[in-house]
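Take a look at the structure below.
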Amino acid sequence: MADEQDGKGDKPAPPGGAPEATPPQATPSPEASAAPPAPKPPPAAPKPAAPAAPAAPPAAPKANPLTAPVPSIALDRIREKFSNQVVDVVYYAGEVTVKLKQERAEEIWRFLRDDPALRFDYLSNVTAVHWPERPKPFEVVLHLFSVGTRQRITLKLDVGEGEQPPTSSRVWPTANWHEREVFDLFGIRFHGHPDMTRILMTDDWVGHPLRKDYPLEGKPEDHMQLREVTTAEHVYTFDKSTIKGFGWKKEVEKTGEGRG
Amino acid sequence: MFRTEEMDINMGPQHPSTHGVLRLVLGLEGEEIVDVRPIIGYLHRGVEKLSEHRTYSMIEPLTDRLDYVAAISENLGYCGAVEKLMGLQIPPRAQYIRVALAELQRIASHLLWLGTHALDLGAMTVFFYTFRERELILDLFEQFCGARLTYNSMRIGGLLEDVPPGWTDRVRHFLQIFPSRQKEYEDLLTVNRIWLGRTKGVGILTKEDAVALGTSGPTLRASAVDYDVRKALPYSSYEQFDFEVPLGTTGDTYDRYLVRMEEMRQSCRIIRQALDRLPEGEVRAKVPKYIKPPAGEVYHVVESPRGEQGFYIVSKGTEMPYRVRFRAPSFVNLQALPTMCRGRLIADVVAIIGSIDIVLGDVDR
């Protein structure tokens, strides 16, 4: 705890190109656990920051302990071997997020899993984020963990509409269900996946609910399947004009088309 | 004239031993299982979608309903994730109370598991014994926050309220009687020949498979993989507690039973330490009324009774998260079911489902 407060108090401004220069440390801090970020100050930071006076002041008030870079052996190794594949690196709250290009993604994954210094043998989580305003609207996110070395790293891929990113289930079998869920809820098909079917929604579901353009309360046609529920005396019908909430109208008449 | 044929048999979604609405399609050759295909989603409530349309504080009650037999762990993980996103420091007293609550919840959850697992395998007595003690824990929770299952007891930045007067003494009283009660279950099961026959060597998950399939919690540790989030990436000041992580040797159903039994003992140790060293002071950090974390994203994991419970939150700097992902341990552990079941009998499927301790609310979200 004391360590964290130190880190928080006098955090130097992150210098421009520090991450590359940071030498790999013997014991990488895997992640700043539960409590708020305790990123250790980058070793070379305080000294060069002072002389670079003209550039530093605008950055100084912005010096945010949350976004301070943290050393990561994994990132250094990726940069060493696949320098041209790294699109972007983001630090937040002691976590390292690396955005990769799609072409050699599987090769990088295998490297991360098999490299003796890294051994990212445990894939925690695969998910996606939808950013409709971007040219490539999806981000596939992989959270890796190493049981042996206790490091964590987050990898990302940008995926365009209709594009098929490579599956990670050949590297980590656990990705099978995670990727099925991403397909189900976002509509991203993974190339080479053994069983690309829906998992949470029903097989005949139309649309992918976690996309931003999918309304929270479902599309009208989703409600339409429930359109006719015949009870002993009544036929409940669904009226499109009352779509707000579950505005069901009880009427004793049958209406026309609908799903199924 | 005579031939053998593979047959598909449907198990669930209405089946008492699947602990909820889980459907399994069993591919059988005789009574031997060739393949299992779990079919899930019957309890899908779209919690991730709902969360994108709620403020940060409004999501916490939703997390109660994911893993509804261990709601405290979900609360703890979710609040921890948002606190990490905001860079908040939690007062030590709140951290210690959270630890005590989470460990009580672990015992309660394991008791529910033990009772139902034993019931599935025909040992009905244990069920009544474990529910007797689980009731004591639920009473403690009720005294703390007024609810028995969906607690919503934590707040971003700490706790809503301090523990009521006398509560710690009642917890101590529980810790005093619990070890002897736990011995009663063990007398009934640990060396019971029927129990051994039904669980030993059943549903073996090798070390390599367990890691490759991403299992976590007791399911992973029974396969002798030393990964407990509380030790590996300590949160909520778990690094200040002295406890051991029990490991299995073969990864069979019996090992998963032993690991959970030992975990309950370790949880008692942790609670005792938390109460003995409970710091004085505030239980909630200074947080703004409207929680608006800066733009960024975090992936925060906690050790729920079922395993690694992950919370991935993407913030755009608004009052509502842009994307929330709940990494459910039950969902991932269930994926290992076919591997464990192949080559076993139908009756073993019941034992294996029980031993991975799934909660369908957590699987389907």
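If you're matching them up, the sequences are chains L and W in order. Under our numbering, think of the first position of the first sequence as -19, with each following residue one higher. Under our numbering, think of the first position of the second sequence as 169, with each following residue one higher. Even for Gly, the Cβ is constructed at its ideal location relative to N, Cα and C.
- Within the region 102 to 118 of chain L, Y102, L103, S104, N105, T107 and V109 place their CB atoms closer than 7 angstroms to a CB of chain W, listed in sequence order.
- Under the 8 angstroms criterion on CB atoms, A73/L is classed as interfacial with respect to chain W.
- Under the Cβ distance rule, R130/L counts among the residues neighbouring chain W, one pair being separated by less than 8 angstroms.
- If you draw a straight line from the Cα of F479/W to the Cα of F170/W, it is about 55 angstroms long.
- Listed by position along chain L, the residues whose Cβ is nearer than 7 angstroms to that of L230/W form an empty set, because the closest Cβ is around 13 angstroms away.
- One Cα belongs to V139/L, the other to E119/L, and the distance between them is close to 6 angstroms.
- Among the residues facing chain W, L135/L is not included, as its CB has no counterpart in that chain under 8 angstroms away.
- Listed along chain L is no residue with a C-beta nearer than 8 angstroms to that of L443/W; the closest approach is about 19 angstroms.
- With a threshold of 8 angstroms between beta carbons, I53/L makes no contact with chain W.
- For T231/W, the uninterrupted alpha helix (DSSP H) segment begins and ends at Y224 to D232.
- The region 260 to 279 of chain W makes contact with the region 429 to 438 of chain W, as at least three CB pairs between them are under 8 angstroms.
- Of L289/W, V294/W and G290/W, the smallest CA-CA separation from L280/W is found for V294/W.
- Linking P473/W to T374/W through their CA atoms gives a straight-line distance of about 21 angstroms.
- Proximity of chain W to T154/L at the Cβ level (cut-off 7 angstroms) is accounted for by A380, L381, G382, V500 and Q503, in chain order.
- Below the 9 angstroms Cβ cutoff, chain L contributes L165, P189, L190, Y194 and L196 as neighbours of K217/W, in chain order.
- In the displayed model, Q182/W falls within coil according to three-state DSSP, outside both helix and strand.
- Distance from the CA of Q311/W to the CA of L317/W, rounded to the nearest whole angstrom, comes to 12 angstroms.
- In the DSSP assignment, E303/W falls within the alpha helix (DSSP H) that extends over M292 to C313.
- Proximity of E476/W to chain L, defined by a Cβ-Cβ separation below 8 angstroms, is satisfied.
- In the displayed model, M175/W falls within a strand according to three-state DSSP.
- Closest option to G74/L, judged by alpha-carbon separation, among G214/W, E465/W, V531/W and G529/W: E465/W.
- With contacts defined as CB atoms closer than 8 angstroms, G128/L and R99/L qualify as a contacting pair.
- Considering only D423/W, K399/W and N243/W, the residue with the shortest C-alpha distance to E412/W is K399/W.
- Assignment of beta-bridge partners to Y480/W by DSSP yields Y467/W and R493/W.
- Listed along chain L, the residues sitting closer than 7 angstroms to V482/W by beta-carbon distance are V109.
- Counting C-beta pairs with one atom in each stretch, the region 189 to 204 of chain W and the region 476 to 493 of chain W have fewer than three that are closer than 8 angstroms, which means they do not touch.
- Within the DSSP bridge table, the entry for I207/W names R191/W as partners.
- In the assembly as shown, N64/L is an exposed residue. Its beta-carbon has fewer than 16 other beta-carbons within 10 Å.
- The shortest C-alpha to C-alpha distance from G195/W to any of T186/W, R205/W, L328/W and V189/W is the one to R205/W.
- For a cut-off of 8 angstroms, the C-beta gap from S148/L to V106/L is around 7 angstroms, short enough to register as a contact.
- Counting along the chain, T421/W sits inside the alpha helix (DSSP H) bounded by residues T421 to D444.
- S104/L sits away from R389/W, with the two beta carbons spaced by 8 angstroms or more.
- If you look at R90/L, you'll find it in the alpha helix (DSSP H) that goes A85 to D94.
- Sequence-distant partners of S404/W (beyond 5 residues in either direction) whose C-beta falls short of 7 angstroms from its own C-beta, in its chain, are L244, G248, Q263, R266 and V267.
- Looking at the DSSP output, R452/W bridges to G326/W.
- Contact of I179/L with chain W is assigned, a C-beta pair being separated by under 8 angstroms.
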